[in-house]
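Notes for the one structure printed next.
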Amino acid sequence: MVLHTCERMAAGGIHDQLGGGFARYAVDAGWLVPHFEKMLYDNAQLAQLYLDAFLVSGDARTRRLRGIFWITFCAT
Numbered sequence: 029m030v031l032h033t034c035e036r037m038a039a040g041g042i043h044d045q046l047g048g049g050f051a052r053y054a055v056d057a058g059w060l061v062p063h064f065e066k067m068l069y070d071n072a073q074l075a076q077l078y079l080d081a082f083l084v085s086g087d088a089r090t091r092r093l094r095g096i097f098w099i100t101f102c103a104t
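For the sequence shown, our numbering begins at 29 and goes up steadily by one.
Shown next as structure tokens:
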């Protein structure tokens, strides 16, 4: 269930395909339009979650997420 949730979040509208990271929430019922507010503490927890998902599943899709790069950029 957790792996499925990670997969759907990464495929949905709250994942920033260009800049990396995740928006906090969506403004529509289908979760396709992000609020365009990315919080560092939310993304830091998601980075750990996606790392754990990769370690459990070995699925390369969880490894390719660029949230880590967004966090590194914001922290500098």
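All residues carry an ideal CB built from backbone N, CA and C; glycine is no exception.
| Item | Value |
| --- | --- |
| Minimum C-alpha distance to Asn71 - residue among Leu31, Gly47 and Met29 | Gly47 |
| Within 9 Å, strictly: CB atoms of Leu79 and Val30 | no |
| Status (buried if at least 16 other CB within 10 Å, exposed otherwise) for Leu74 | buried |
| Pairwise C-alpha distance: His63 and Ile42 | 8 Å |
| Beta-carbon contacts of Leu60 that lie in its chain and below 6 Å, excluding the five residues immediately before and after | Gly41 |
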